[in-house]
Amino acid sequence: MTQKSLNQNKLPIYDALQNYRVEQTTSFHVPGHKQGQGNLEMAKLLGESCLKLDLACMEDLDFLSRPEGVIKEAETLAAKLYGAENAYFLVNGTTSGIQAMIMSVCQPGDKIIIPRNMHKSVISGLILSGAQPVYLEPEINTFWGIAMGVKPETVLKTLKEHPEAKGVFLINPTYYGAASELETIIKLVHTFGKPVLIDEAHGAHLKFDSRLPICGITAGADLVASSTHKLGGSLTQSSLLLQQGKLVDPAKLRTMLNLIQTTSPSYLLLVSLDIARKQLALQGEKLANKMYTLVQQARKAIREIDGLVLLGEEIIGEPGCFAFDPTKIVVNVRELGLSGYEFAQILRKNYQIQVELADLFNILALVSIGDTPETLNKLVRGLKDLAKSRPLKKMVKYALPLPRLPEMVLTPREAFFAQGKSLSLEEAIGEISSEMIMAYPPGIPLICPGEKITQEIVDYLNLFTREKIKLQGMLNPARRQIKVVAETGSKTIRDSHWQAI
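Position one of the sequence shown corresponds to residue 237 (the numbering used here), numbered consecutively onward.
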């Protein structure tokens, strides 16, 4: 495809779907609703035009597993937009991109360097690949109770200690908006001849405003998984995987994606990526500037609310924070005597405001290209009114620090597939977990498969239980039981992981 043909005004996938529709082709292929005719209630709910675009892979619509036509053209336009050499459309979310990234650089037994505050999808990538994680300990901000980024010195030290590692995995930015010194770290890793893989699930917008942290591809990363649906305007579950450089084989990457992704991709998701790419290419800077302006106005008003503390640019320069994304409005509510979860529940029930996430101390309101002065004004009014309704201030509810990183005894794959036994949380102290447990969002595991369960972790999980926070990962959360690895002597028993509990 020539540079001349790379016209960002084009919508290759959408045009192909429309051609199918205009030709009035009679369908004897899946999906079975036959463009809405087989489910009139769904057609009424979603719209006839929507269901007429819900088609299947065929020659003129291309094949996601080996694109040569309109999907390939759309992916090439996306790669051009972000400055990458290759782009891959994802219909299984950024999770599938993260899994494919890890599997494209690691074989079973290989080591990969990963920050411990990674998303749960990274653990699934380790289980699938059989790779052994070498965890980077992120910097911890004790007031906010959150993990930040990683320092270049930490990465260098880890690379020297584990020169056999096949790559370094990073997060840009964290869920809470903190960004590591990305360019420095990438150059450092490349001097060791290792690729850099980046989870940029919350950074699809970074490319379009220089006041935001640098995006992974611009910083020189080899692979970047980006959630277009989160902040780029496409439909939920649609994402991009971007590749550049010679340290990762694009053909192997495509093979790994084909292993993970569905063979029946939704063309509604694919066309939404196509449309979102066009909008970002033509209006991305304008939309990002509008978003940035709105969020700064809102942040100024929130700073004046008594009882609330706003996470902001003042943390830049602190350990693990080289840059900060202000579109993540993180508000600490501990002085109101509420947990973040309680605060978020009141916002939803009394003010009809749904935030992106809450934790023990904070709430996170995510601002995107879809926000308006009205939506942000409603948020500010809700925060102000709720804070005002708390007559007593400076009543800190919790001051419990994050648990220290547990010891890793087995690889995630070994622990996941080992025979297990079910124990109460208290009985499990000192045992090896075969599950990962987390609050979702943010989806950062408190314990991962293969790690030793500590008293600190159990105390933290008990605190979550008292706050009625729903935890994910445990096969039997109602009985507060966790699955641990069953061992005989020093040998791990390998059998059915899913035996009845």
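Each residue gets a CB set at the ideal place from its N, CA and C atoms; glycine is no exception.
Bear in mind that the values here come from a model prediction, so they are computed numbers and not experimental data.
Tell me whether residue 281 is buried or exposed, calling it buried when 16 or more other Cβ atoms sit within 10 Å of its Cβ.
Classification for residue 281: exposed.
Would residue 742 pass as a contact of residue 587 if the rule is Cβ separation under 8 Å?
The question about residue 742 has no answer here: the residues shown for the chain are numbered 237 through 737.
Environment of residue 352 [buried if 16+ CB atoms lie within 10 Å]
Residue 352 comes out buried.
Identify the continuous beta strand (DSSP E) that holds residue 272 and give its terminal residues.
For residue 272, there is no enclosing beta strand (DSSP E), as DSSP marks it with neither H nor E.
Would you say residue 400 lies against chain D (beta-carbon separation less than 8 Å)?
Any reference to chain D falls outside this structure, which holds one protein chain only.
What are the start and end residues of the beta strand (DSSP E) that includes residue 656?
Start and end: 656 to 660.
When the Cα atoms are used, what is the spatial distance from residue 295 to residue 452?
Just so you know, the alpha carbons of residue 295 and residue 452 end up roughly 34 Å apart.
If distances are taken between C-alpha atoms only, which option among 251, 326, 335, 475 comes closest to residue 288?
The candidate whose alpha carbon is nearest that of residue 288 is 251.
Return helix, strand or coil for residue 216, following the three-state DSSP convention.
Only positions 237 to 737 of the chain appear in the structure, and residue 216 is not among them; the question remains open.
Which value, in whole angstroms, describes the spacing of the CA atoms of residue 499 and residue 468?
Answer to the nearest angstrom: the Cα atoms are 25 Å apart.
Leaving out five residues on either side along the sequence, give the residues of the same chain with a beta carbon under 6 Å from the beta carbon of residue 458.
431, 432, 481, 483, 484, listed in sequence order.
Grab me the residues of residue 249's own chain with a C-beta within less than 6 Å of its C-beta, minus the 5 sequence neighbours each way, in chain order.
Sequence-distant Cβ neighbours of residue 249 in its own chain, meaning closer than 6 Å and more than five residues away, are 306, 310, 506, 507, 510.
Local conformation of residue 248 per DSSP, three classes:
DSSP, reduced to helix, strand and coil, places residue 248 within a helical segment of the structure shown.
Are the beta-carbon atoms belonging to residue 336 and residue 492 less than 8 Å from one another?
Contact flag set, yes.
Separation of residue 609 from residue 532, as counted between CA atoms
For residue 532 and residue 609, the distance between alpha carbons rounds to 11 Å.
Contact check, residue 669 vs residue 720, beta carbons under 8 Å:
Yes, Cβ-Cβ distance for residue 669 and residue 720 is below 8 Å.
Simplified DSSP state of residue 480, which is helix, strand or coil
Coil.
Just to confirm my understanding: we take residue 662, look at its own chain, exclude 5 residues before and 5 after, and list those with CB closer than 7 Å. What are they?
Same-chain partners within the cutoff: 694.
Where do the N-terminal and C-terminal ends of the beta strand (DSSP E) with residue 351 fall, by residue?
Bounds of the beta strand (DSSP E) holding residue 351 are 347 to 351.
By how many angstroms is the C-alpha of residue 363 removed from the C-alpha of residue 304?
So the two alpha carbons sit approximately 32 Å from each other.
Using a Cβ-Cβ cutoff of less than 7 Å, which residues in the same chain neighbour residue 730 once the five nearest sequence positions on both sides are dropped?
A caution first: residue 730 carries a pLDDT of 44, below 50, which makes its placement in the model unreliable, though a value can still be read off. Excluding residues up to 5 positions away in sequence, 653, 654, 655 lie with their Cβ nearer than 7 Å to the Cβ of residue 730 in the same chain.
Skipping 5 residues on each side, what residues in its chain have a beta carbon closer than 6 Å to that of residue 497?
Cβ within range, chain order: 328, 332.
Which partner residues does residue 721 have in the DSSP bridge list?
DSSP output for residue 721 lists 656 as bridge partner(s).
The stretch 515 to 523 touching the stretch 441 to 451, judged by at least three CB pairs closer than 8 Å
In short, these stretches touch, since the Cβ pair count reaches three.
Among the candidates 269, 265, 297, 259, whose CA atom is the shortest distance from the CA of residue 247?
Comparing Cα-Cα distances from residue 247 to each of 269, 265, 297, 259, the minimum goes to 297.
Counting C-beta neighbours from all protein chains within 10 Å, is the total for residue 378 16 or more, i.e. buried, or is it exposed?
Counting Cβ neighbours within 10 Å, residue 378 comes out exposed, since fewer than 16 surround it.
Residue 561 vs residue 381 beta-carbon contact at 8 Å
Between residue 561 and residue 381, the gap from beta carbon to beta carbon reaches 8 Å or more.
Would the stretch 610 to 621 count as touching the stretch 572 to 590 if we require 3 or more Cβ pairs under 8 Å?
The stretch 610 to 621 is in contact with the stretch 572 to 590.
Report the option in 657, 667, 346 whose CA atom is closest to the CA atom of residue 402.
The shortest Cα separation from residue 402 among 657, 667, 346 belongs to 346.
In three-state terms, what does DSSP make of residue 401?
Three-state DSSP puts residue 401 in coil, outside helix and strand.
For residue 430, name the three-state secondary structure that DSSP assigns.
In this structure, residue 430 counts as coil in the three-state DSSP scheme.
Here's the rule: buried if 16 or more other CB atoms are within 10 angstroms of the residue's CB, otherwise exposed. What is residue 463?
Buried, by the Cβ-count rule.
Range covered by the alpha helix (DSSP H) that runs through residue 609
That run of the alpha helix (DSSP H) goes 609 to 624.
Endpoints, the alpha helix (DSSP H) within which residue 581 is located:
Boundaries of the alpha helix (DSSP H) harbouring residue 581: 576 to 587, taken from the DSSP string.
Are the beta-carbon atoms of residue 340 and residue 478 separated by less than 8 Å?
Not in contact: residue 340 and residue 478 (Cβ atoms no closer than 8 Å).
Return the residue from the list 338, 717, 536, 447 that minimises the CA-CA distance to residue 559.
If we check each option's Cα against that of residue 559, 447 comes out closest.
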